[in-house]
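Let me begin by presenting the structure, written as structure tokens, before commenting on it.
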Amino acid sequence: MTTPPASAPPMSARVPAFDWARTPLGPQGAWPPGLHSVVDLVLSSAFPMILLWGPDLVQIYNDGYGVILGPKEPGALGQPTRECWPEVWHINEPIYRQVWQGETFYFEDQLYPLTRHGFPEEAYFTLCYSPVRQDGEIGGVLVTITETTPQVLGARRLNLLREHAETLAQVQSVAELRRLVQTAPARPDAPFTALYLHEAGGVPGELQAVLDARQPLVLDWPPRSWPVMGVPPRPAVALPLDGVDRDRTAGVLVVGLNEQVRLDGAYRDFLGGYARQLAAALVRLHSQAQAELNRRLDEERAALAAFTAFTEAVGTQTDAAVLARQAAEVLLARYPGSTVVYYEPDGPAGGTWAARVWSEDLERQPDLLALLRAGLPAHTPFIAQVLGGRQAVFTDGWNAEQQQVAHTGGYTRSANLPVIVGSEVRGLLGMGGREAQAWTDRDRALFSAVGRGLTLALERAAGVEQLERQRERLADLNAELGAFITRTAHSLERPAAQLAQVLDPGQPTGLDGLPPYDPAELRDEVTRLRGVARDLRQLARLEQHALTLEPLAVAELFEELRDNSGTRNVRWLLGPLPIVRGDRALLRQALDVLMTFTLSATRGAQDVMVSSDELDGEVRVIVEDDGPGLSGEEAATLFDLAVRTDQSVPLLAGGGLVQVRRVLARHGGWAWAESRSCGGKVVLAFPQDDATTALEALFRPGG
Numbered sequence: 001m002t003t004p005p006a007s008a009p010p011m012s013a014r015v016p017a018f019d020w021a022r023t024p025l026g027p028q029g030a031w032p033p034g035l036h037s038v039v040d041l042v043l044s045s046a047f048p049m050i051l052l053w054g055p056d057l058v059q060i061y062n063d064g065y066g067v068i069l070g071p072k073e074p075g076a077l078g079q080p081t082r083e084c085w086p087e088v089w090h091i092n093e094p095i096y097r098q099v100w101q102g103e104t105f106y107f108e109d110q111l112y113p114l115t116r117h118g119f120p121e122e123a124y125f126t127l128c129y130s131p132v133r134q135d136g137e138i139g140g141v142l143v144t145i146t147e148t149t150p151q152v153l154g155a156r157r158l159n160l161l162r163e164h165a166e167t168l169a170q171v172q173s174v175a176e177l178r179r180l181v182q183t184a185p186a187r188p189d190a191p192f193t194a195l196y197l198h199e200a201g202g203v204p205g206e207l208q209a210v211l212d213a214r215q216p217l218v219l220d221w222p223p224r225s226w227p228v229m230g231v232p233p234r235p236a237v238a239l240p241l242d243g244v245d246r247d248r249t250a251g252v253l254v255v256g257l258n259e260q261v262r263l264d265g266a267y268r269d270f271l272g273g274y275a276r277q278l279a280a281a282l283v284r285l286h287s288q289a290q291a292e293l294n295r296r297l298d299e300e301r302a303a304l305a306a307f308t309a310f311t312e313a314v315g316t317q318t319d320a321a322v323l324a325r326q327a328a329e330v331l332l333a334r335y336p337g338s339t340v341v342y343y344e345p346d347g348p349a350g351g352t353w354a355a356r357v358w359s360e361d362l363e364r365q366p367d368l369l370a371l372l373r374a375g376l377p378a379h380t381p382f383i384a385q386v387l388g389g390r391q392a393v394f395t396d397g398w399n400a401e402q403q404q405v406a407h408t409g410g411y412t413r414s415a416n417l418p419v420i421v422g423s424e425v426r427g428l429l430g431m432g433g434r435e436a437q438a439w440t441d442r443d444r445a446l447f448s449a450v451g452r453g454l455t456l457a458l459e460r461a462a463g464v465e466q467l468e469r470q471r472e473r474l475a476d477l478n479a480e481l482g483a484f485i486t487r488t489a490h491s492l493e494r495p496a497a498q499l500a501q502v503l504d505p506g507q508p509t510g511l512d513g514l515p516p517y518d519p520a521e522l523r524d525e526v527t528r529l530r531g532v533a534r535d536l537r538q539l540a541r542l543e544q545h546a547l548t549l550e551p552l553a554v555a556e557l558f559e560e561l562r563d564n565s566g567t568r569n570v571r572w573l574l575g576p577l578p579i580v581r582g583d584r585a586l587l588r589q590a591l592d593v594l595m596t597f598t599l600s601a602t603r604g605a606q607d608v609m610v611s612s613d614e615l616d617g618e619v620r621v622i623v624e625d626d627g628p629g630l631s632g633e634e635a636a637t638l639f640d641l642a643v644r645t646d647q648s649v650p651l652l653a654g655g656g657l658v659q660v661r662r663v664l665a666r667h668g669g670w671a672w673a674e675s676r677s678c679g680g681k682v683v684l685a686f687p688q689d690d691a692t693t694a695l696e697a698l699f700r701p702g703g
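19 is the number that the UniProt record's numbering gives to position 19 of the sequence shown; each next residue is one higher, with no gaps.
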């Protein structure tokens, strides 16, 4: 994937600075508030997103989408999408037409033949097309997109390598191997192959440079000088093949190139793996160590087969327990009689690890099952070793006393592997056996392959959940903004009619039953309208503020609020708080509004507790107090946009917390309150960022 130049400014700076007046959208000052909100959401999202606004579908996107554009960037900003992507307009145009009718579409691993590097290339994406409404009408299309080209091509190549390895394992002679290569069916990533060996016909002079340098060479094959009727030269890579004698190559393998795929590092790695498999088959046929080489090929096939079996079994499943159960079934099919357990952290800060999924044989060991379900301490030797090294641990001589796990004296060996999603260990996959033999390389590869498959499946599930959460939050913001606009318009109708009476008492106002003009009532309406105007100006300033993202220690922000609060009788308890990437001014303003509400005289809080945790790919800051509780309706509307009339739930004293949620949304997060009969609880969610997580680890004790 192409990355933008390091000097390119972020989209959060480019979009506000762009000359929108020369586009169909017009200057930013004329944009409707809803467009500003959606643009801010797009720019703050950690996922690649693009907004296509207006009938011309003018493009506004974030940094993640800029990477997908490749060389089309930076000229694509403000450009109608038809002009930017003419090669896929026939695909997208019907979709946009239906989205404009209110439909939403989701595609997984969809092929788009994009022209990003001067030629039509295979590109695959997982996309979600959603309508964006403005004043009740659809004003644009929001596309959340993740390029999956590396994953799709990687899976395709992995499958070809697996089939290639299985086929080569059956070859019994060099002549059979040559026939196999020369007659291999065309594949997308290997349209044709040709093999030239020293021992069988020699290597053509055109390939001598490959032998001399012992490095791959990109060329056209066959050479134009060869009288091969009807076969024009095509792009290919010639790769040297190692032989039994490491000082001399065995020959050269020529593999055709897919002209719709860039020859990047991943493609080169695949070609190198393809050549290494062929070289291994040659060595197997020539070497006295045939049995050892056969064993290694068998290990590779077994691991690939285990990975493939797991992948096929889980399909698009996202439930962690179901995925773990599928992993257990794959392992038990290859190691019958073994015990498989999947653990997840339990208790405060993952102090214990409890069994969540287990094989049926544990039902016949109730004491051991009860122990594992209750949870093993994190300092249990095998758990501590896995968590400390963050890699698989294979134990050949299991000792129940040394491992501090009762009721396991019948086991002789164990394997345990951390399931790491993002930077967090989400679970442990463990297997115990009663056989006396030690773990072989084949066993290790197979168990690790299943563990890797489980990890990838859980990563995919986390990505799907996060994408769905982003879609739901965007829908909430859109709905909230639409209701806000409707209520504001309604608030203006009555004073407008009364003003009309003052200016021209003889003209009808359009509102039946309106009482005669009352100066005192009119003054009240004017006062209320001034309040509405202040609300709108405050919202506009919030939405137009350009984000400046930097690592921020949340604890420092709360310490500033505590020291400046002026409430000496309030007890603060600040737990360990994370480092997040955010705009200091906006977050400081949001927290100030939140704590003004929390410490208001109406709530009468005496204790404020601030803590944090990590869940579902988010870092969550929890603010609790011992003031009055919140009803379900109060909690549900606490952060909503509000005008000063038509409130089904009146604003709480010190409320007006719309800023808090919208600031968090601009950072890719969210804010909500929880209903309680006693005490308040507010949750501030930030997207998890690997860079700030690593920075935070440096400041932990022992970091």
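Don't be surprised by glycine CBs; every beta carbon is placed ideally from N, CA and C. Note that the structure is predicted; figures quoted are calculated from it, not measured.
- A direct Cα-to-Cα measurement between Glu176 and Leu285 gives close to 11 Å.
- When the beta-carbon positions are compared, Ala250 and Leu219 stay at least 8 Å from each other.
- Listed in chain order, the beta strand (DSSP E) elements of length 3 or more contained wholly in the segment 242-275 are 249-256.
- For a cut-off of 8 Å, the C-beta gap from Val608 to Phe639 is around 19 Å, too long to register as a contact.
- Taking 8 Å as the cut-off, the Cβ atoms of Ser414 and Thr395 count as close.
- The beta-carbon separation of Gly256 and Ala281, rounded to 20 Å, does not stay under the 8 Å limit for a contact.
- Put simply, the segment 16-32 does not touch the segment 97-106. Fewer than three CB pairs are less than 8 Å apart.
- Distance from the CA atom of Cys128 to the CA atom of Glu93, rounded to whole angstroms, is 15 Å.
- Proximity of the segment 205-220 to the segment 186-195 falls short of the contact definition, fewer than three beta-carbon pairs being nearer than 8 Å.
- Collapsing the DSSP output to three states places Tyr65 in a helix.
- Classified as exposed, Ser631 has fewer than 16 neighbouring CB atoms from the shown chains inside 10 Å of its CB.
- Comparing alpha-carbon positions, the option among Pro687, Ala8, Glu559, Pro628 lying closest to Ala671 turns out to be Pro687.
- Apart from the 5 residues on each side of it in sequence, Gly140 sits with its Cβ closer than 7 Å to the Cβ of Leu51, Leu52, Trp53, Gly54, Val132 in its chain, given in chain order.
- For Gln437, the number of other beta carbons within 10 angstroms of its own is below 16, and it is reported as exposed.
- For Trp670, the secondary structure class from DSSP, reduced to helix, strand or coil, is strand.
- Taking the CA atoms as reference points, Pro222 sits about 7 Å from Arg234.
- According to DSSP, residue pairing for Asp346 in a beta bridge involves Thr352.
- Proximity to Glu559 across Phe270, Thr548, Leu547, Leu591 peaks at Leu591, based on C-alpha coordinates.
- Here Phe270 has Arg157 as same chain residues with Cβ atoms under 6 Å from its own Cβ, once five neighbours each way along the sequence are excluded.
- Excluding its 5 nearest sequence neighbours in each direction, Val39 has C-beta neighbours in its own chain below 7 Å: Val15, Leu51, Ile60, listed in chain order.
- Taking the CA atoms as reference points, Gly410 sits about 47 Å from Arg246.
- Residue environment: His164 is assigned as buried (16 or more neighbouring CB atoms within 10 Å of its CB, all protein chains considered).
- The segment 611-618 makes no contact with the segment 583-602: fewer than 3 CB pairs, one atom from each, lie closer than 8 Å.
- In the three-state reduction of the DSSP assignment, Thr637 falls in the helix class, which pools H, G and I.
- Here Asn569 is exposed, its C-beta having fewer than 16 other C-beta atoms within 10 Å.
- At the C-beta level, Gly34 and Gln151 stay beyond 8 Å of one another.
- Excluding residues up to 5 positions away in sequence, Ser45, Ala46, Phe47, Pro48, Met49 lie with their Cβ nearer than 8 Å to the Cβ of Gly64 in the same chain.
- Per the coordinates, the alpha-carbon of Glu459 lies some 8 Å from the alpha-carbon of Ile420.
- If you check the CB distance, Glu87 and Pro120 come in under 8 Å.
- In this structure, the straight-line span from the alpha carbon of Val405 to that of Thr380 is close to 8 Å.
- Our two residues, Ile579 and Ala553, have alpha carbons roughly 4 Å apart in a direct line.
- DSSP places Asn416 in the strand class (E or B) of the three-state scheme.
- In the three-state scheme derived from DSSP, where H, G and I count as helix and E and B as strand, Phe18 is classed as coil.
- One Cα belongs to Val425, the other to Gly337, and the distance between them is close to 28 Å.
- Counting along the chain, the unbroken beta strand (DSSP E) around Glu424 starts and ends at 424-433.
- Following the DSSP letters along the chain, one finds Tyr411 in no beta strand (DSSP E), marked with neither H nor E.
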